[in-house]
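In my numbering, the protein residues as written are -3 to 154. Positions of the beta carbon are idealized from the N, C-alpha and C atoms, including for glycine. Structure first, then comments.
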């Protein structure tokens, strides 16, 4: 299988213009996988996730899947648009495993609109507490709609 790459934003629907317009933007996904966290010592690790959202994108949601529960230590994950930040998703304890979303506030929701002047790099903060991890792995998935660079989501013409 191969991938195709093209410029966006991508709209889909059967009527592009007029009163019956029914087109919408395609939701896209990028993810960061922590890999095996066994042996991670207590402390704070800020990671450039490699997720870069296009200028003007709107985040739809952020999901943290702790796919391997942490043992002997604890993990807390937050997501930001700068190193050490939690601008996009407040810290959530993920130790037990499962699916998590950070608590949203007006400030995080505003940050989900992303920059209309530059691409947005997503940073992950992983805080390991209590003890060195005996196991653990998490995946952060960011779902977003690519809008026009100025943030326009519903242009009046194609």
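If you draw a straight line from the Cα of residue 58 to the Cα of residue 13, it is about 32 Å long. Under the DSSP assignment, residue 62 falls in the beta strand (DSSP E) whose first and last residues are 54 to 67. Under a 10 Å Cβ-count criterion, residue 23 is classified as exposed, with fewer than 16 other Cβ atoms of the shown protein chains found around its own Cβ. Residue 107 sits in a helix when the DSSP states are folded into three classes. Taken atom to atom, the span from the alpha-carbon of residue 36 to that of residue 129 is near 5 Å.
Here residue 87 carries a strand assignment [DSSP, helix/strand/coil]. Linking residue 79 to residue 41 through their CA atoms gives a straight-line distance of about 10 Å.
Between residue 51 and residue 114 a beta carbon distance of about 6 Å is seen, short of the 8 Å cut, so the two are scored as contacting. When the Cα atoms are used, residue 148 and residue 60 turn out to be separated by approximately 28 Å.
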